[in-house]
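A.B. asks: Protein chains in written order, with the UniProt record's numbering: chain D, 1 to 576; chain E, 1 to 315.
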């Protein structure tokens, strides 16, 4: 009898465990639909008695973020969370949906339909792969119209002002003509001032000691022919890395294998993620239709065959590429930038820049550009609370909280009301970045606030410094400034071309064979790399011809006609 | 009279079944999670196949979305990629199915002949181990071993006086070797377990009788072991036919480089690209459904042939 009871108990326990394992804990987390209606004024015009002017509503706001977890973190510091609650009444919580590619998560999340109060996603421009997905969701009524909600806000109402948004954000992302003045997503990271850019210098860099030993000024290297000669000299110089091994003349980008357009700028037809350009007669063509494709193949083949370029240049993993850069194994790093920690002593110097196909080295700056976006699902109750909360985070007070933390604990205010980061916080970040991250604000690497709050940005005006702790850091991380001075960045910026335009592939979403053409364009990118490694020029030509044929059968000619027409309209002008 | 006995018989049969269930209630209770598992994770999701014939709308769900008939199937077969994708998938899956089949059987036979228990356990453990490594790790290892110039294999080649700069991963002529070799290395140990279990179930009297008749080791294997495990081999082979159009997503996805893409683009990677990365749920479902349908038809045919030829079958 006892054994029977034990059996029965064990089986019941198993069933209970199975059922409880399959039950979600939503009720505990309490999404917006389960939360209590705010007891205070949810319309939010007047703050309730005893509450600050920033008060919104006593409720929870939960967001689902379809962006890589390196950029954002779910954990919020309890003190910061309490401060947010105290100021706004909002109990803020984000959940990051992890997926190999952020778009996989977005597609699955939208299809599942069970969305919290808001969602956030990558969105550099209207040509980003996420765009057709969120556009489909908006067209099918998944999101709330943000236009009426923006009208009563302090920061986001600027989006409704003429000339504030770049044209791609205005007409391609947010206020698309088909929406008749409505908008279903907020495009983020729009700078307050036009043409705003930091003095960051990117592109190929050469080891300073090598340049000095060869008596070469890297700024004079402006063509791929000069780059080839330089690589040969590096090889002949028998330079060694920090492990005593031979230096590879041209190494991959700091972040791993990729095609690096800035290294072969005079052989690149358009940007390396577009490969579409306009010739002097105004004709728009794809790289595969020009002689540049084969010229580049021949150049890369030459570098590879003479062992002047790392053989896995296009496919190497990030860890090995970075290790090589740090060890000085690459004479030239194909692509990096001046803000990187390992180069604050400026032992790598920028090359060129290499001229483009038109023979120009003029800097090109976007009028303004967006990055990431968010939307409110139509199932969210009181969506105005989310907009008000986003507006609070985008205000100076909100930004101070999510960028600098808590006054007294993490920073003090100077006479001008600008934040001064505390030395102990900076020291903690240098000594133990993970521990510092727990303080819970952007400066120490916890970026919860920029999902809804990073827009209308002007850090110099708002906080007296471009980046967190710049004032305190003076003299310690001035490598970037030295590099900027070295390339005469100010002069370059003064003469820069400011562009407010679309990328050539931005219109793939509205092209009827867009998906097929996108696949064919991706295939061309792969075919190009394949051609670099082909045994002969004929084989390479055959590979590129086949890729061009596939693009043509996927509608390349019609697409080029479409963007030629778009380019004639001032609202949809292209940048090459 | 006859009419009146029928319900009685049925009632009797029903009550016998009910009594049998009641008697073995704990076994049925233990079976319940398994049945639930298949209902939840295998049968209910089959409803999603409707998407292959519908244009999925976020706001209308699977049932409410409009029908598009066979449009997705037509689009797929009209696509310039379809023939290449099907060809690549068939080649890779056939290699994994037919060419790979003898490897775990031979390993099981070898394990069976090892008399030293300690050595047998150690070698079995070593060979099972790769099964537990993810493809990400295995392909990472392969990339390092086969790297040009500083990879292990190229260094060996270079030390022996050869050209140590071959970029094996970028050259399509090495793709099948790398793909098949890594598949064998990772799967052979684990897949031999079931054959080893079948071998251990063979009656030892048969081996003794064979020895008395003067049979050697090879003759024993050929005339006793292999025929005895043949039903297991056939069943496993029929089951594997269901996956003939699934060439193994993770391995191929990770091994793919621009250099070998003409051989490594398969239906599984295509489904991920179009379905998940471009949000074309219906189209991806249709291509996935094709895989499943072809697999089902092959299993039914192979089962019928097997039943006629060898009297071994799934049903």
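Beta carbons: idealized from backbone N, C-alpha and C, even for Gly.
Because the structure is a prediction, the values reported are computed rather than measured.
Residue 584 of chain D and residue 517 of chain D: beta carbons closer than 8 Å?
C.D. replies: Nothing about residue 584 of chain D can be read from this structure; chain D reaches only from 1 to 576.
A.B. asks: May I have the straight-line CA-CA distance separating residue 437 of chain D from residue 77 of chain D, to the nearest angstrom?
C.D. replies: C-alpha separation (whole angstroms): 9 Å.
A.B. asks: My output table needs one value for residue 286 of chain D: the three-state DSSP class, helix, strand or coil.
C.D. replies: DSSP places residue 286 of chain D in strand when its eight states are reduced to three.
A.B. asks: For residue 280 of chain E, which residues from the same chain have a beta carbon less than 7 Å from its beta carbon, with the 5 sequence-adjacent residues on both sides left out?
C.D. replies: The residues are 274.
A.B. asks: Check the DSSP bridge columns for residue 120 of chain D and list the partner residues they point to.
C.D. replies: Paired residues: D/65, D/374.
A.B. asks: Output, in sequence order along the chain, the residues in the region 136 to 159 of chain E whose CB is closer than 7 Å to any CB in chain D.
C.D. replies: Within the region 136 to 159 of chain E, the residues whose Cβ lies closer than 7 Å to some Cβ of chain D are 147, 148, 149, listed in chain order.
A.B. asks: According to DSSP, is residue 27 of chain D part of a helix, a strand, or is it coil?
C.D. replies: Summary for residue 27 of chain D: the model assigns pLDDT 38, below 50, so the residue's position carries little reliability, and this model does not support an answer.
A.B. asks: Which residues bound the alpha helix (DSSP H) around residue 320 of chain D?
C.D. replies: From DSSP, the alpha helix (DSSP H) with residue 320 of chain D extends over 318 to 326.
A.B. asks: Would you report the Cα separation of residue 390 of chain D and residue 397 of chain D, rounded to the nearest angstrom?
C.D. replies: Each residue's alpha carbon lies about 12 Å from the other.
A.B. asks: Taking the beta strand (DSSP E) that residue 348 of chain D belongs to, which residues open and close that run?
C.D. replies: Residues 348 to 350.
A.B. asks: Nearest chain E C-beta to residue 249 of chain D closer than 8 Å, yes or no?
C.D. replies: Output row for residue 249 of chain D: interface = no.
A.B. asks: If we define contact as Cβ-Cβ less than 8 Å, is residue 4 of chain E a contact residue for chain D?
C.D. replies: Here residue 4 of chain E scores only 47 on pLDDT, less than 50, and its place in the model is too uncertain to base an answer on.
A.B. asks: Give the DSSP-derived three-state secondary structure of residue 250 of chain D in the structure shown.
C.D. replies: Strand, per DSSP.
A.B. asks: Which residue wins for smallest C-alpha separation from residue 96 of chain D, given the options D/125, D/90, D/63, D/127?
C.D. replies: It is D/63.
A.B. asks: Can you give me the C-alpha to C-alpha distance between residue 194 of chain D and residue 323 of chain D, rounded to a whole angstrom?
C.D. replies: If I take the Cα positions, the gap works out to 37 Å.
A.B. asks: Measure from the C-beta of residue 279 of chain E to each C-beta in chain D and report whether the shortest distance is under 8 Å.
C.D. replies: Chain D, which has a Cβ nearer than 8 Å to the Cβ of residue 279 of chain E, makes this yes.
A.B. asks: Does the beta carbon of residue 42 of chain E sit closer than 8 Å to a beta carbon anywhere in chain D?
C.D. replies: Cβ-Cβ to chain D under 8 Å: no for residue 42 of chain E.
A.B. asks: Using a beta-carbon distance cut-off of less than 9 Å, what residues from the region 39 to 73 of chain E approach chain D?
C.D. replies: The residues in question are 40, 56, 57, 58, 59, 60, 61.
A.B. asks: Use the C-beta contact count for residue 423 of chain D: other C-beta atoms within 10 angstroms, 16 or more gives buried, fewer gives exposed.
C.D. replies: Classification for residue 423 of chain D: exposed.
A.B. asks: If you draw a straight line from the C-alpha of residue 86 of chain E to the C-alpha of residue 138 of chain D, how long is it?
C.D. replies: In a straight line, the C-alpha of residue 86 of chain E is about 35 Å away from that of residue 138 of chain D.
A.B. asks: Return the bridge partner residues of residue 205 of chain D from the DSSP annotation.
C.D. replies: In DSSP, residue 205 of chain D forms a bridge with D/333, D/350.
A.B. asks: Give the residues from the region 532 to 563 of chain D that approach chain E closer than 8 Å (Cβ to any Cβ), ordered along the chain.
C.D. replies: Answer set for the region 532 to 563 of chain D: 533, 550, 553, 554.
A.B. asks: Can you confirm whether residue 74 of chain D, when its beta carbon is compared against all beta carbons of chain E, has any partner nearer than 8 Å?
C.D. replies: It does not: the Cβ of residue 74 of chain D has no partner Cβ on chain E nearer than 8 Å.
A.B. asks: Going by the DSSP bridge assignment, what does residue 498 of chain D pair with across the sheet?
C.D. replies: Partner(s): D/365.
A.B. asks: Just to confirm, are residue 91 of chain D and residue 98 of chain D a CB contact at a threshold of 8 Å?
C.D. replies: Cβ atoms of residue 91 of chain D and residue 98 of chain D: not closer than 8 Å.
A.B. asks: What residue from D/266, D/253, D/284, D/173 has the CA that sits closest to residue 205 of chain D's CA?
C.D. replies: Taking only the C-alpha atoms, the option nearest residue 205 of chain D is D/253.
A.B. asks: Three-state secondary structure (DSSP) at residue 95 of chain E?
C.D. replies: The answer is helix: DSSP assigns residue 95 of chain E an H, G or I state.
A.B. asks: Are any of the Cβ atoms in chain D nearer than 8 Å to that of residue 259 of chain E?
C.D. replies: By this cut-off, residue 259 of chain E is an interface position.
A.B. asks: Are the C-beta of residue 167 of chain E and some C-beta of chain D separated by less than 8 Å?
C.D. replies: It does; some Cβ of chain D falls within 8 Å.
A.B. asks: Return no unless some Cβ of chain D is closer than 8 Å to the Cβ of residue 276 of chain E.
C.D. replies: Closer than 8 Å to some Cβ of chain D, the Cβ of residue 276 of chain E qualifies, so yes.
A.B. asks: With a Cβ-Cβ cutoff of 8 Å, do residue 393 of chain D and residue 453 of chain D count as a contact?
C.D. replies: In this structure, residue 453 of chain D lies closer than 8 Å to residue 393 of chain D by Cβ.
A.B. asks: Bridge partners for residue 411 of chain D per DSSP, in chain order?
C.D. replies: For residue 411 of chain D, which the question treats as bridged, DSSP gives the partners D/407, D/421.
A.B. asks: Establish whether the CB of residue 195 of chain E and some CB of chain D are separated by less than 8 Å.
C.D. replies: False, the Cβ-Cβ gap to chain D never drops below 8 Å.
A.B. asks: Can you pull the chain B neighbours of residue 80 of chain E, defined as C-beta to C-beta under 8 Å?
C.D. replies: Within the model displayed, chain B is absent; protein chains D and E are what it includes.
A.B. asks: Closer than 8 Å is the cut-off here; do at least three beta carbon pairs connect the region 208 to 220 of chain D with the region 281 to 295 of chain D?
C.D. replies: No contact exists between the region 208 to 220 of chain D and the region 281 to 295 of chain D.
A.B. asks: Whose C-beta lies closer than 7 Å to the C-beta of residue 151 of chain E among residues of the same chain, with five residues either side of it excluded?
C.D. replies: For residue 151 of chain E, where only same-chain residues beyond five positions count, the Cβ hits under 7 Å are 144, 145.
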